[in-house]
Structure formats: structure tokens, C-alpha cells
Amino acid sequence: MIVALLNQKGGVGKTTLALHLAGQWAVTGKRVLLIDADPQGSALDWAQERASQGLPRLFSVVGLARDTLHHEAPELARGVDHVVIDGPPRVAGLLRSALLAADLVLMPVQPSPLDGWASAEMLALLDQARIFKPAIAARFILNRYPARTLIGRATADSLEAHDPPLLSAHVGQRVIFADALRAGRLASEMDADSIATREISALAQQVENLLS
2 MIVALLNQKG GVGKTTLALH LAGQWAVTGK RVLLIDADPQ GSALDWAQER
52 ASQGLPRLFS VVGLARDTLH HEAPELARGV DHVVIDGPPR VAGLLRSALL
102 AADLVLMPVQ PSPLDGWASA EMLALLDQAR IFKPAIAARF ILNRYPARTL
152 IGRATADSLE AHDPPLLSAH VGQRVIFADA LRAGRLASEM DADSIATREI
202 SALAQQVENL LS
């Protein structure tokens, strides 16, 4: 199955979630490929940093930031259990190609009005993609979620009755994610008992259930 992390707005944590979902599935025995479809190549940088330290490769990372992604991703998916696409911000052709490649689109949003406006644009692109591929499933993910703030609760409430629906598994604002990415690691490798590790595990399980 092909899962794409997409949102037109940058800085919502697509790469962090893509790497951690891929890593969580890999450590549970799944064969996983991550496609870095962002021209900035952050996931590729993470993989290079990991390799430079001699850390074991949990999953493969390939760069494929071009608008032929929807033709190439299904071929790449033949040899693995899951393909995870780390999508680009604000590159319409690449976004459309990633949408058409995906079986499931995960749209990370942060508790911010600006993220809501960007999501409206993303939903319009999703509707266009469904003209050609009606079976594309989609879900929102609340990322960098401050659970005890008014804006966090208001954002969650506004999305709970939304279509596409909101995943119940949220991911909080955790310093460990930034530390892990800089080090070419995952949060679970930094601290297996951390809240971040538990949040990613719950998210990966919920997404896995959607794919089964």
C-alpha cells in the first residue's frame, strides 16, 4: 500500500511523520520504502546522516521529486509491504502526482488557522485527483498538538466532524523529534519509553488498520 504525507503548507511535520511511520512499520517486520518527493530532500539527508554514522538501515529511502511519481511508485511498491511518500509543499505538479500515486493520503495539520486555510486548498486538489482515482482514502493528522491549549482543542473539535475525518491518534510537540532527525535516528532509538515513541506507535497502528 502507498501512503502519502501531503499538505501544501510547509512546516507541518510531513517529513518527521513519514520517517517515523516508515521506521515504526520497519521495526515490526514490514518491508518499507520511503520516497522523498520533496525537492528539499530532507528525508534523503536523514538517511545520509544515518549511513555516515554506520547505523543500520531500517528501510530504503529514494529521491523521486518529479511529476511522474504516480507512474513509478506502483512499480516500486511491488517489492515491499508499504511505500511512504514524503510529499512536497506548494509544487502543484508533484502534489497531483503524489495524490494519484497514493492509496491513502495523510494530511498533517497543526493547531493554527493558517493550516486550516492550506488544508482547504489541499482538499480541492484531492477532489480533483479523485476524478481520475475515486478510491483514494484520506485522513487528517493533528501534529505538534498542544493538548491542553484552547487552540489545540478547538482545532481538534473543528476537524472531528470533518470530511475527510481526523485520526484519533495525535502527535504532540516533542523536542525529541527534532533531536532524532538531526542525528539520523528515530525517536524510539533516542528513548524507547518516551511519549513520542508511544504516540508514533499508536499512529502507525491506526494507519495500519486503515490499510488492512
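Note that the numbering used here has the sequence shown beginning at 2, numbered continuously upward. In this text, a Cβ means the ideal position worked out from N, Cα and C, and glycines have one as well.
Asked, Found
"Determine the burial state of residue 24: buried for a count of at least 16 other Cβ atoms within 10 Å of its Cβ, exposed for fewer.", "buried"
"Report the three-state DSSP secondary structure of residue 152 (helix, strand or coil).", "In this prediction, residue 152 has a pLDDT of 49, which is less than 50 and means its spatial position is unreliable; nothing more can be read from the coordinates."
"Check whether the Cβ atoms of residue 88 and residue 39 sit closer than 8 Å, and answer yes or no.", "yes"
"For residue 105, which residues from the same chain have a beta carbon less than 8 Å from its beta carbon, with the 5 sequence-adjacent residues on both sides left out?", "2, 3, 4, 5, 137, 138, 139, 140, 208, 211 and 212"
"Between which two residues does the alpha helix (DSSP H) carrying residue 176 extend?", "176-183"
"Going along the chain, which unbroken runs of the alpha helix (DSSP H) with 4 or more residues stay wholly within the stretch 10-38?", "15-28"
"Grouping DSSP H, G and I as helix and E and B as strand, with all else coil, what is residue 133?", "helix"
"Give me, in chain order, the residues of the same chain whose beta-carbon lies closer than 6 Å to that of residue 91; leave out the 5 immediate sequence neighbours on both sides.", "9"
"DSSP three-state call for residue 172: helix, strand or coil?", "coil"
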